[in-house]
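Right, one structure below, let's go through it.
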Amino acid sequence: MVTSRLSVSIAGLQLENPTMLASGILGYSAETLGSIAAGGAGADITKSIGLKPRVGYANPTVVQANCGLINAMGLPNPGIDEFVEEIHEAKRLLSVPLIVSVYGFSAEEYEKIVKKAVEAGADAVELNVSCPHVKETGSEIGQNPKVLSEVVRKVRCTAKKPVFVKLSPNVTSICEVAEAAVEAGADALTAINTVKAMAIDAETMMPVLGNKVGGLSGPAIKPIALRCIYEIYERVKVPIIGCGGVTSWQDAVEYFLAGASAVQVGTAIATEGPTVFRTITRGTDVYLKTKGFASVREIVGLSHRR
Ligand code: DHB
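Written out as structure tokens, the structure is:
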């Protein structure tokens, strides 16, 4: 069920509903991206793709925490040259926009990958400048406003499609980073990536993850994400895409009220299945109707009124 109450435009990208598959979850094959769209997602975001293939870290790469997951996969991916085939296939299959997540080890790398992804048919790109544990990329870029600006500026010059920038919560001031990204040309901001975390096994007396340190996702980080969105909304004008622990329509509504124009769902797919998107959009639609709103756009940032 789709109503115009739920349709949104994010930096020119038209979505039938304001939910998206978060990057990193099931995002390599055209088939799995198709099954997420069939579950009701308004857009799909791929797993992060680099210039060259990467194997990733040794197992274990995921561990369950209270109210969430800690993962450290190490950015495994086939590399952009191989992945363009998957983009072509996904574009043939999907009726929702396809956003390709990109990571690089320099501004030039980000630029090259984005160019290839857009030429292959990506409707937008999301810059992963916030992976919490792979050296010389991810948050090592996104924690430094100067380096981040250079990456965003280069990509914005080349990309003929909207550029989203996914921010790290692992910083002193997320607003400072958000403002740097927007000044450099970001069309939208995704807030937030995972929170740096770890697990230790009392029996083996050792860290659980192969990489020792990983990123926490799921309901455990929802209040952190909500605070980040609320703060960023007061400082920048571009759309914010909320991400982090969205599991129910109530979570999504809280994100809209904080200032998000859309939400991404990741970890909840593991607990609720791919139809979680439809459950969230239906619940949001009933909420809007009951409260007398004609569009989800009317409640974006509403909690900021004085
Ligand atoms: C990985 C984990 C992340 O949280 C992220 O943002 C990007 C990549 C990973 O381990 O592959």
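If you use this note's numbering, the sequence shown corresponds to residues 35 to 340, in order. The beta-carbon is built from N, C-alpha and C at its ideal position, and this holds for glycine as well. This structure is a prediction, so every number in the text was calculated from the model and none was measured.
- When DSSP states are grouped into helix, strand and coil, P166 belongs to the coil group.
- By the beta-carbon neighbour count (other beta carbons within 10 angstroms, threshold 16), H338 is exposed.
- For secondary structure counted as the beta strand (DSSP E) over 3 or more consecutive residues, the stretch 197-279 holds these complete runs in sequence order: 197-201, 222-225, 229-232, 247-251 and 274-277.
- In the DSSP annotation of this structure, the continuous segment of the alpha helix (DSSP H) that includes V181 starts and ends at P179 to T192.
- For A45, the shortest separation between its Cβ and any heavy atom of ligand 1 does not lie below 7 Å.
- A direct Cα-Cα distance of roughly 19 Å separates V320 from V299.
- The alpha carbon of G335 has as its nearest neighbour, out of A292, G317 and I70, the alpha carbon of A292.
- In the three-state DSSP reduction, D115 falls in the helix class (H, G or I).
- According to DSSP, residue pairing for A294 in a beta bridge involves I274.
- Boundaries of the alpha helix (DSSP H) around T301: T301 to E306.
- Rounded to whole angstroms, P308 and T315 show a C-alpha spacing of 13 Å.
- The residue from G176, K188 and I303 with its alpha-carbon nearest to that of C209 is G176.
- Each residue's CA atom was taken as its position, placing V330 and R39 some 6 Å apart.
- For G68, no beta strand (DSSP E) segment is defined; the enclosing uninterrupted segment is the alpha helix (DSSP H) at A64 to A72.
- Annotated as proximal: P166 and N227, with beta-carbon spacing under 8 Å.
- For L109, the Cβ falls inside the 7 Å cut-off from some heavy atom of ligand 1.
- For V136, the uninterrupted beta strand (DSSP E) segment begins and ends at L132 to V136.
- The residue among M232, L132, N51 and R190 with its C-alpha nearest the C-alpha of V97 is M232.
- Inside the stretch 36-110, DSSP marks whole beta strand (DSSP E) runs of 3 or more residues at positions 42-44, 47-49, 53-55, 96-99 and 102-105, from first to last along the chain.
- Using a 10 angstroms sphere on the CB of G326, the tally of other CB atoms stays under 16, which defines it as exposed.
- With respect to G138, T171 sits close: the two C-beta atoms are nearer than 8 Å.
- A Cβ-Cβ distance of about 5 Å is found for the pair V270 and A212, placing them in contact under the 8 Å criterion.
- Nearest Cα to T95 within the set G84, P110 and S82: P110.
- Counting along the chain, G176 sits inside the alpha helix (DSSP H) bounded by residues S173 to G176.
- When the alpha-carbon of I266 is set against those of V152, V130 and K200, the nearest one is in K200.
- Check the Cα spacing between E119 and each of S63, A215 and A328: the tightest is with S63.
- In the structure shown, A124 falls within a helical segment according to DSSP collapsed to helix, strand and coil.
- In the three-state scheme derived from DSSP, where H, G and I count as helix and E and B as strand, A158 is classed as strand.
- At least one heavy atom of ligand 1 falls within 7 Å of the beta-carbon of G172.
- Excluding residues up to 5 positions away in sequence, V152, A156, D157, A158 and V159 lie with their Cβ nearer than 7 Å to the Cβ of K195 in the same chain.
- Of the candidates E268, R312 and I255, R312 places its Cα closest to the Cα of S282.
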